[in-house]
Structures are given as structure tokens and as C-alpha cells.
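**Student:** Numbering (the working numbering), first residue to last: 545 to 639.
A single structure is presented below for examination.
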């Protein structure tokens, strides 16, 4: 399956990576690596992660306080959001 990022998810990723780059050298790259590992798992096992709505699945990152929300549309996986769990505790990307 192919995987793509929505504009929102791409923007959230860039913002988070930039923030971590400012916090500590190499931390932004570690964040990027964890996102990549998560998206690789999603591509390999798209139905592994629980649904949080009728169409959205959620992956919780283990080393960073973020969740990836994605949907499956035919043979395409779309990451619709990369949400910070503490700044947006009630964040919903289907609103």
C-alpha cells in the first residue's frame, strides 16, 4: 500500500521536527525516525492499530508525545494528522 500525508499532517510534522531540532541536536532526526518507523508499520499492517472513529486509526508514538491519525482509502493510506497528545488532549482530526 502507498502512504501519503495530508497538508495538515505535513505541517504538524515540520513544526514538531523544528521544535525538537531547537531543543537538542539530533532530537529532530530521532523524531523523524520514529515517524518513519510508525509509517513503515502502518504500511505493513494497516489494520493493526485501533480505530478511534469509523474511518480513523491511531498510532501512539512511544518515545514522543504524539499520535498519528490515518485512514485507509482503497489502496492508499493517508496520514491526516500528527497530533501532540499534551497540547491538544481533545484533538480530533475529523472535526
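Ideal Cβ positions, reconstructed from N, Cα and C, are used throughout, including at glycine.
Please read these numbers as outputs of a predicted model, since none were measured by experiment.
(1) Over what stretch of residues does the alpha helix (DSSP H) that includes residue 580 continue unbroken?
(2) Can you confirm whether residue 585, when its beta carbon is compared against all beta carbons of chain E, has any partner nearer than 9 angstroms?
(3) In this structure, does DSSP put residue 607 in helix, strand or coil?
(4) Take residue 563 as the anchor and find which of 552, 576 and 551 has the nearest alpha-carbon.
(5) For the beta strand (DSSP E) containing residue 625, list its first residue and its last residue.
(6) Can you tell me whether residue 603 is buried or exposed? The criterion is at least 16 other CB atoms within 10 Å of its CB, across all chains shown.
(7) Tell me the DSSP bridge mates of residue 548?
**Tutor:** On the basis of the data shown:
(1) Working through the chain shown from its first residue, we reach residue 580 at position 36. Note, residue 580: alpha helix (DSSP H), 571 to 588.
(2) In summary, chain E is missing from the structure at hand, where a single protein chain is found.
(3) Reading the chain shown from its first residue, position 63 is the one you call residue 607. Here residue 607 sits in coil by DSSP.
(4) The sequence position of residue 563 within the chain shown is 19, counting from 1. With distances taken between CA atoms, residue 563 lies nearest to 576 out of 552, 576 and 551.
(5) Numbered from 1 along the chain shown, position 81 holds the residue referred to as residue 625. 620 to 628 is the span of the beta strand (DSSP E), which, as asked, contains residue 625.
(6) Here the question's residue 603 lines up with position 59 in the chain shown. By the 10 Å Cβ count, residue 603 comes out buried.
(7) Walking along the chain shown from the start, residue 548 turns up at place 4. As DSSP reads the structure, residue 548 sits in a beta bridge with 622.
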